[in-house]
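Trainee:
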Amino acid sequence: MKKITILFIAFLIGTHTYSQSLTELYDLVHSSVVVIKTISSESAGLGDKQKVKTSEGLGSGVLVSYNGLIWTASHVVHNAEKVMVKFPDGDVYEADVLSSSPMADVALIKINSLFDLKKKHIAQIGNSDDVKIGEDVFVIGTPLGIEQTLSRGIVSGKMAKEGLNDDFLPVEFIQTDAAINPGNSGGPMFNMNGEVIAIASFIMSQSGGFDGIGFGASSNVAQKILMDQPNIWSGMEFVLLQNELADIFNIPQDAGVLVQTVASKGLGDKLGLTGGYINATIEGKPLLVGGDILLEIAGVKLDSEEAIISLREKIVTLQEGGSYTVKYLRAGKIITKEVSN
4 MKKITILFIA FLIGTHTYSQ SLTELYDLVH SSVVVIKTIS SESAGLGDKQ
54 KVKTSEGLGS GVLVSYNGLI WTASHVVHNA EKVMVKFPDG DVYEADVLSS
104 SPMADVALIK INSLFDLKKK HIAQIGNSDD VKIGEDVFVI GTPLGIEQTL
154 SRGIVSGKMA KEGLNDDFLP VEFIQTDAAI NPGNSGGPMF NMNGEVIAIA
204 SFIMSQSGGF DGIGFGASSN VAQKILMDQP NIWSGMEFVL LQNELADIFN
254 IPQDAGVLVQ TVASKGLGDK LGLTGGYINA TIEGKPLLVG GDILLEIAGV
304 KLDSEEAIIS LREKIVTLQE GGSYTVKYLR AGKIITKEVS N
């Protein structure tokens, strides 16, 4: 009986210590977590190029530098026309998208005015390679618009998607049972040292809500793409047309890139590209058609997934100066345009 009592007391003490630890960690790191609101524009899809619909988006992000650099998910800001960031202390800023990798689902934004750090916490980045299955983690974000919400869980697994992302790196996600809902996207997943090990990305669900299977883009991949390499933001949503689809669209090469939307501040707009304006469904997939079909940029023929991946490295060198040509199909005609940096 005495032994059971001692074990029970030890259990209570252990539970209390963990609870206190999580509370202290939240107090330490939560001021680094921001609410991100976006405004995006795209064609209404009604066959009229002039009719545009505007949509508002909601997500989360995490402050990673003293000068206002913030990590978030690519799908939160990739085609945004305007990005607003709100901190827990009430400060609100407008931000610019600097870099975005849709395949890895990570993005970097920066506050575009004088940033006052005040007492905001700058999140520390952890080594996601060191993360162990079963390790305790917690997520802070804005699920369904409820700001500064904490959910906790464990690392349930790791998932590497097939192929490489547009930075020649494996696409890696950390799985967790910590609750992730709309609005959490782009928010940080912390380990119990208060370090960011992932950026909340997506869920797998049969109910349409959170079923206990959530994923975050790993911090090591985010670090390499967003901080260790030159910034590139295409500002475009696109679909690779190949095989039968290439024939249907009369593409004069093995494949081409159908432009869906173009943000006014991204690379796509600089290239003079236009998105689709007619809603269509092809093989069960909704598309905006009528936009440009990219064929070639700077001598790189966009006729395969590998070619699209290699394009980023080419664009990095082009940003250093000089000019290059862009070739695209518009209304059945091939157009070649010279672009200068």
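Under my numbering, the first residue of the sequence shown is numbered 4, with each subsequent residue one higher.
No residue lacks a Cβ here, since even glycine has one placed at the ideal position from N, Cα and C.
(1) Roughly how many angstroms separate the alpha carbons of residue 264 and residue 44, rounded to a whole number?
(2) Can you tell me whether DSSP reads residue 122 as helix, strand or coil?
(3) Cβ atoms of residue 219 and residue 203: under 8 angstroms apart, would you say?
(4) If you draw a straight line from the C-alpha of residue 78 to the C-alpha of residue 241, how long is it?
(5) Does the distance from the C-beta atom of residue 294 to that of residue 262 stay below 8 angstroms?
(6) Tell me whether the beta-carbon of residue 87 lies closer than 8 angstroms to the beta-carbon of residue 40.
(7) So what's residue 258 in DSSP terms, helix, strand or just coil?
(8) Name the two residues that bound the continuous beta strand (DSSP E) containing residue 139.
(9) Specify, as a first and last residue, the run of the beta strand (DSSP E) that residue 194 falls within.
(10) In this structure, does DSSP put residue 152 in helix, strand or coil?
(11) Span of the alpha helix (DSSP H) holding residue 77?
(12) Could you pull the DSSP bridge partners for residue 239 from this structure?
(13) Given this structure, state the Cα-to-Cα distance separating residue 327 from residue 301, to the nearest angstrom.
(14) Rounded to a whole number of angstroms, what is the C-alpha to C-alpha distance between residue 253 and residue 92?
(15) Under 8 angstroms: do the stretch 185–196 and the stretch 26–40 share three or more Cβ pairs, one atom per stretch?
(16) By alpha-carbon positions, which one of 198, 320, 308, 207 ends up nearest to residue 246?
(17) Hey, residue 111 and residue 229 are a contact pair by Cβ (cut 8 angstroms); roughly how many whole angstroms apart?
(18) Hey, residue 225 and residue 243: beta-carbon distance below 8 angstroms or not?
(19) Report the partner residues of residue 162 according to the DSSP bridge assignment.
(20) According to the neighbour-count rule (16 or more other Cβ atoms, all chains shown, within 10 Å of its Cβ), is residue 332 buried or exposed?
(21) Judging by CA-CA distance, which residue of 277, 287, 116 is the nearest neighbour of residue 297?
(22) Would you call the stretch 107–124 and the stretch 138–151 in contact, with 3 or more CB pairs under 8 angstroms?
(23) Give a yes or no on contact between the stretch 152–160 and the stretch 176–187, applying the rule of three or more CB pairs nearer than 8 angstroms.
(24) Ends of the alpha helix (DSSP H) at residue 217?
(25) Take residue 55 as the anchor and find which of 46, 145, 62 has the nearest alpha-carbon.
(26) Apart from the five residues just before and just after residue 291, which ones in its own chain have a Cβ nearer than 8 angstroms to its Cβ?
(27) Using the Cβ count rule (16 or more neighbours within 10 Å means buried), how would you classify residue 145?
(28) Output the distance between the C-alpha atoms of residue 95 and residue 116, rounded to the nearest integer angstrom.
Mentor: Let me spell this out:
(1) Taking the sequence shown and counting its residues from 1, one reaches residue 264 at position 261. Taking the sequence shown and counting its residues from 1, one reaches residue 44 at position 41. Going from the Cα of residue 264 to the Cα of residue 44 covers about 8 angstroms.
(2) Along the sequence shown, read from residue 1 onward, the residue named residue 122 stands at position 119. Coil, per DSSP.
(3) Position 200 of the sequence shown, counting from 1, holds the residue named residue 203. Position 216 of the sequence shown, counting from 1, holds the residue named residue 219. Yes, these two residues count as a Cβ contact at 8 angstroms.
(4) Within the sequence shown, numbered from 1, the residue matching residue 78 stands at position 75. Within the sequence shown, numbered from 1, the residue matching residue 241 stands at position 238. Between residue 78 and residue 241, the C-alpha separation is close to 13 angstroms.
(5) By one-based count along the sequence shown, residue 294 stands at place 291. By one-based count along the sequence shown, residue 262 stands at place 259. In terms of Cβ geometry, residue 294 and residue 262 form a close pair [threshold 8 angstroms].
(6) Taking the first residue of the sequence shown as 1, we reach residue 87 at position 84. Taking the first residue of the sequence shown as 1, we reach residue 40 at position 37. Closer than 8 angstroms, so yes.
(7) What you label residue 258 is simply residue 255 of the sequence shown in a count that begins at 1. When DSSP states are grouped into helix, strand and coil, residue 258 belongs to the strand group.
(8) As a first step, residue 139 is located in the sequence shown; it is residue number 136 there, counting from the start. First-last of the beta strand (DSSP E) with residue 139: 139–144.
(9) The residue labelled residue 194 in the question sits at position 191 within the sequence shown. In the DSSP assignment, residue 194 falls within the beta strand (DSSP E) that extends over 191–194.
(10) Walking along the sequence shown from the start, residue 152 turns up at place 149. Residue 152: strand per DSSP, three-state reduction.
(11) What you label residue 77 is simply residue 74 of the sequence shown in a count that begins at 1. Note, residue 77: alpha helix (DSSP H), 77–80.
(12) Translated into the one-based positions of the sequence shown, residue 239 becomes position 236. The secondary-structure analysis by DSSP pairs residue 239 across a beta bridge with 265.
(13) On the sequence shown, residue 327 is found 324 positions in, with the first residue counted as 1. On the sequence shown, residue 301 is found 298 positions in, with the first residue counted as 1. For residue 327 and residue 301, the distance between alpha carbons rounds to 5 angstroms.
(14) Taking the sequence shown and counting its residues from 1, the one referred to as residue 253 is at position 250. Taking the sequence shown and counting its residues from 1, the one referred to as residue 92 is at position 89. Answer to the nearest angstrom: the Cα atoms are 55 angstroms apart.
(15) Touching, yes, given that three or more Cβ pairs across the two stretches are closer than 8 angstroms.
(16) Counted from its first residue, the sequence shown places residue 246 at position 243. Across the set 198, 320, 308, 207, the C-alpha of 308 shows the shortest separation from the C-alpha of residue 246.
(17) If you number the sequence shown from 1, residue 111 lands on position 108. If you number the sequence shown from 1, residue 229 lands on position 226. With a Cβ gap of about 4 angstroms, residue 111 and residue 229 count as contacting.
(18) Mapped onto the sequence shown, residue 225 falls at position 222. Mapped onto the sequence shown, residue 243 falls at position 240. Going by C-beta atoms, residue 225 is not nearer than 8 angstroms to residue 243.
(19) Position 159 of the sequence shown, counted from the start, is the residue given in the question as residue 162. For residue 162, which the question treats as bridged, DSSP gives the partners 176.
(20) Taking the first residue of the sequence shown as position 1, residue 332 is located at position 329. Residue 332 should be labelled buried.
(21) Translated into positions along the sequence shown, residue 297 becomes position 294. Of 277, 287, 116, the smallest CA-CA separation from residue 297 is found for 277.
(22) With a cut-off of 8 angstroms, the stretch 138–151 and the stretch 107–124 do not count as touching, because too few Cβ pairs lie within range.
(23) With a cut-off of 8 angstroms, the stretch 176–187 and the stretch 152–160 count as touching, because enough Cβ pairs lie within range.
(24) For the purposes of this step, residue 217 is taken as the residue at position 214 of the sequence shown. It is not in any alpha helix (DSSP H) - residue 217 instead sits in the beta strand (DSSP E) that spans 217–221.
(25) As a working note, residue 55 is residue 52 in the sequence shown. Minimum Cα distance to residue 55 is reached at 46.
(26) Position 288 of the sequence shown, counting from 1, holds the residue named residue 291. These residues qualify, in order along the chain: 45, 46, 48, 263, 264, 278, 279, 280, 281, 282, 283.
(27) Walking along the sequence shown from the start, residue 145 turns up at place 142. Here residue 145 is buried, its C-beta having at least 16 other C-beta atoms within 10 Å.
(28) In the sequence shown, residue 95 corresponds to position 92, counting from 1. In the sequence shown, residue 116 corresponds to position 113, counting from 1. Those two C-alpha atoms are separated by around 11 angstroms.
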